[in-house]
Amino acid sequence: MKKILHIVGNRPQFIKLAVLYKEMSTSNEFSQAIIHTGQHFSYEMNELFFKELDIPEPVINFNLQHVSANQFIGIAADALQEYFLKEEHAIAFVYGDTNTTLAAAIAAKRVNIPLVHFEGGVRTGDNSMPEEINRLLTDRLADINYCCTQQNLDNLLAEGYGTAIKAVPLLTGDLMLDAFMQVEPGIIQHPLPGAYVLCTIHRAANLQHKQHLRNIIDGLNELHKSIPVAMPVHPHTQKKVQEYGLDIHFTGLPPVGYREMKKLLQDCSYVITDSGGTSREAYFMKKKSLIIMDKPFWPEIIEAGCALQTDTGNIVKNSALLDSLQPDFDGKIFGSGNAAKNILQHLHSFFATKTQRH
Ligand code: UDP
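Under the working numbering, the first residue of the sequence shown is numbered 37, with each subsequent residue one higher.
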């Protein structure tokens, strides 16, 4: 029996893993195990998700914390390589564009086991973003790249995937949408006023320069004077706000669980975010969003008139422009919520063909 090793390390990966793991448990052809690198480790960013999404315990957690990004990739790749060597018939399954994703991709290819990547083909063209480097390299190393959107698939096809590059690209839809459709919203722990803006910020590009984060916090403080702003604060953001000595005048919350986040999304007026996951969920929830990224990961949402892109200095001005959008939320950009089924079906046929050939 082939064994799918899911390698995860952070919050959005736990969410995608939850739905795929559940779907794969129906298979007689694959066993599965979860390997955790330890990238996210606090209760709110880690355990809470395993608990509320019913994800089984990882077989191993490398607990890699407090190292630089490049050290993380190196140490995680070493540890994963050693682990992979002990497993027979293993297939490495990686998610997204994090350092965990890249480390596992390198390790899998060093020991020559199949590598499957979910969220292939995302391209911003901006190689200064760590996520872009991680995804370019992981896509290139993977044997299969599952794509969330047609545009992601087209990006891979244009780069020669499936022809000059042997790796298989396939459109499956988004596991985030599967999760969104399957998991019920929870209870809001810290009651908020009737109308509010939901905000999340954590991208390195917005945190690493003091002026960028200052612009964001100033903009949100200003916006809060006309409509309440609520932000579950990511630990990295919390650290930087303290380090830069910035003052938050809006409602800062601790990071919340997935269900509570869904309820916050359901009840908010609109969303301001720099998160790949939350910008998709705003679209799933049919809420307009303002995306604080120079090169948004999912331009499809903007093209559909459902979101606007902003720089850090113009949050208030661009929030006001959201009113004039004519959004089309019905385009099924991210599929229909059956990505996990599509992935499992393809894995069955892919590995059945491989076994016959050998
Ligand atoms: N999320 C959550 N609680 C929070 C903030 C975000 O459950 O306090 C969820 C959000 O709904 C989405 C995912 O975390 O499903 C997004 O993760 P994150 O923003 O950390 O990473 P990204 O998607 O930008 O890689």
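For each residue, glycine too, the CB sits at the ideal point set by N, CA and C.
Q: Check each candidate in Thr136, Pro48, Pro205 and name the one with the smallest Cα separation from Ile180.
A: Pro205
(Q) Please state whether the Cβ-Cβ distance between Ala143 and Phe120 is less than 8 Å. (A) yes
Q) Phe85 to Asn46, Cα distance in whole Å? A) 10 Å
Q) Among residues of its own chain, excluding the 5 on either side of Tyr280, which ones have a beta-carbon nearer than 8 Å to its beta-carbon? A) Lys246, Leu249, Arg250
Q: Just grab the DSSP bridge partners of Met267 for me.
A: Gly288
(Q) Short of 8 Å in beta carbon distance, which residues of its chain neighbour His394, apart from the five on each side in sequence? Order them along the chain. (A) Bear in mind that a pLDDT of 46 at His394, under 50, signals an unreliable position, so the number given afterwards is only what the model happens to contain. Hits under 8 Å: none found.
Q) Cβ-heavy atom distance between Leu335 and the ligand UDP below 7 Å? A) It should be pointed out that residue 335 corresponds to Pro in this sequence rather than to Leu. No - the ligand UDP has no heavy atom lying nearer than 7 Å to the Cβ of Pro335.
Q. Quick one, are the C-beta atoms of Gly156 and Ala128 less than 8 Å apart?
A. no
Q) Can you round the beta-carbon distance between Ser130 and Thr174 to whole angstroms, since I take them to be within the 8 Å contact cut? A) Position check: residue 130 holds Val in this sequence, whereas Ser was assumed. About 6 Å; that satisfies the 8 Å criterion.
Q | Under 8 Å between C-beta atoms of Cys235 and Val277 | A | no
Q | 8 Å CB neighbourhood of Ile263 in its chain, flanking five on each side removed | A | Ala231, Tyr232, Val233, Ser305
**Q.** Environment of Met60 [buried if 16+ CB atoms lie within 10 Å]
**A.** buried
Q. Would the C-beta of Tyr294 count as close to the ligand UDP, meaning under 7 Å from any of its heavy atoms?
A. yes
Q) According to the neighbour-count rule (16 or more other Cβ atoms, all chains shown, within 10 Å of its Cβ), is Thr62 buried or exposed? A) exposed
Q: Would you give the residue range spanned by the beta strand (DSSP E) that Asn181 belongs to?
A: 180-183
Q.
For a test of the three-state rule: what should DSSP assign to His394, helix, strand or coil?
A. Because His394 carries a pLDDT of 46, less than 50, the predicted location of this residue cannot be relied on, and the following value inherits that uncertainty. In this structure, His394 counts as coil in the three-state DSSP scheme.
Q: Would you kindly check if the distance between the Cβ of Val352 and the Cβ of Tyr294 is under 8 Å?
A: no
Q. Since Asn97 sits in a beta bridge, which residues does DSSP pair it with?
A. His72
Q) Tell me which same chain residues have a C-beta within less than 7 Å of the C-beta of Thr160, skipping the five on either side of it? A) Glu168, Lys331, Phe333
Q: Confirm the yes/no value for this check: CB of His72, any heavy atom of the ligand UDP, distance under 7 Å.
A: no
Q) Between Lys48 and the ligand UDP, is the CB less than 7 Å from at least one heavy atom? A) Checking the sequence shown, residue 48 turns out to be Pro, not Lys. Yes, the Cβ of Pro48 comes within 7 Å of a heavy atom of the ligand UDP.
Q: Give the range of the beta strand (DSSP E) segment to which Ser325 is assigned.
A: 325-327
Q.
Bridge partners for Ser262 per DSSP, in chain order?
A. According to DSSP, which records beta bridges pairwise, Ser262 is partnered with nothing at all.
Q) Which residue from Ile379, Phe370, Phe386, Ser385 puts its Cα closest to that of Gln187? A) Phe370
Q) In terms of alpha-carbon separation, which member of Pro221, Lys275, Ile70, Ser355 lies closest to Leu243? A) Lys275
**Q.** Contact test: Ser311 Cβ vs the ligand UDP heavy atom, cutoff 7 Å
**A.** yes
**Q.** Distance between beta carbons of Leu344 and Asn354, contact taken as under 8 Å
**A.** 6 Å
**Q.** Sequence-distant residues of its chain with Cβ nearer than 6 Å to Thr346 (five each side left out)
**A.** Leu326, Ile328, Asn354
Q. Which residue comes first and which comes last in the beta strand (DSSP E) that contains Lys38?
A. 38-44
Q: Enumerate in chain order the residues of its own chain whose CB-to-CB distance from Leu138 is below 7 Å, with the five nearest sequence positions on each side excluded.
A: Ile109, Asn170, Leu173, Thr174
(Q) Taking only three categories from DSSP, how would you classify Gln362? (A) coil
Q | Selected residue, minimal CA-CA separation from Ile70, among Leu41, Pro48, Glu88 | A | Leu41
Q.
Does the distance between the C-beta of Ile51 and the nearest non-hydrogen atom of the ligand UDP fall short of 7 Å?
A. yes
(Q) So, with DSSP's three-state summary, where would you put Ile142? (A) helix
Q) For Met212, is the beta carbon positioned less than 7 Å from some heavy atom of the ligand UDP? A) yes
Q: Report the residue ranges of all alpha helix (DSSP H) runs contained in full by the region 179-228; include only those spanning at least 4 residues, in chain order.
A: 186-194, 211-218
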